[in-house]
Each structure stands twice: as C-alpha cells, then as structure tokens.
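With the working numbering applied, the sequence shown corresponds to residues -13 to 123, in that order.
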Amino acid sequence: MHPLRKLRESGKATAAQVRELLAENIVFNSPILVRPIEGRDAIAAIFAQSSSTRGSGTYTAEFKLDERTTFLRWVGTMDGHKIESLEIIVDNEQGLIQERTIALRPYPAVKLFRDSMYESLKDKLPPDVWEYSTTLQ
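Set out below in structure tokens:
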C-alpha cells in the first residue's frame, strides 16, 4: 500500500504528516488548478485539506506501474454526489513523492470539490492557480 494511501485511510491526515511523505521538489498536477503547484509546504496543505473536503469514500484499486510509479483509484461521495479520482504518484529514489497527477470526475462533483477547496485554500495559494489570467500575453 502506498504511504499516501495508508495515511489517508488512517484518518484525518495533517499537513505535517503529509509533508513527511513529500520530496522537497514535489510537483502536483490537479484538474482544479490551472497550473502545477510546486513546493512541499503548499502541497502538504492541499493534500491534507483535500482529504477532509472530498467526502467519504474508499480506494478501490492500487497498482504498481513500475518500481517508483503507483496508480490509485478512489470512489466516494461529496455532498451526496458520486466523485471519483484517478491518480498517478511517482516516488523518488528515497521513496518520497516527487510528482502526483490527479484526474477527477464527474464534472458537477468536481465543481463542488473545487469550490470547497477554493474556500479553504484561497488565502494559502496565489490567485493565478485558481483562474486563467484575463490579460492577453
């Protein structure tokens, strides 16, 4: 069992507990953010918050794709609506998470999740991760 899954299944994971699993140069790719997030502290806060925000559910699959890459599937409910996540976690040579990419479905539940995460983290993450810039480049 991947250490992140084990921590999440053990109960409410704190940012400090999550941080111990993360490489210093971790990158997180999420469908609710417009660009990847980097940095152990910011990502630990996101992961800890998402565990309590996404509602109840269970991991239904875990596969090792190679010695450092894990695929996880989670199915649950948020505010009474089915939500599903698929994720790829890549660990570094020390076994710490160096990259996590997540996909969520269906869109209406993803929007509920995103809106709740925004309310919880809007003061902890910069505005440019939540929305595309409205100025032309």
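Here a beta-carbon is modelled for each residue, glycine too, at the ideal position from N, C-alpha and C.
Are PRO17 and ILE88 touching if we call contact CB-CB under 9 Å?
yes
Assess contact between the stretch 9 to 16 and the stretch 39 to 46, defined as three or more Cβ pairs (one per stretch) separated by less than 8 Å. Is contact present?
no
Assign PHE49 to buried or exposed, taking buried as 16 or more other Cβ atoms, counted over all protein chains shown, within 10 Å of its Cβ.
exposed
Exposed unless 16 or more other CB atoms sit within 10 angstroms - verdict on ALA(-1):
buried
Tell me, please, whether the stretch 94 to 110 touches the stretch 73 to 80 by the rule of three or more beta-carbon pairs shorter than 8 Å.
no
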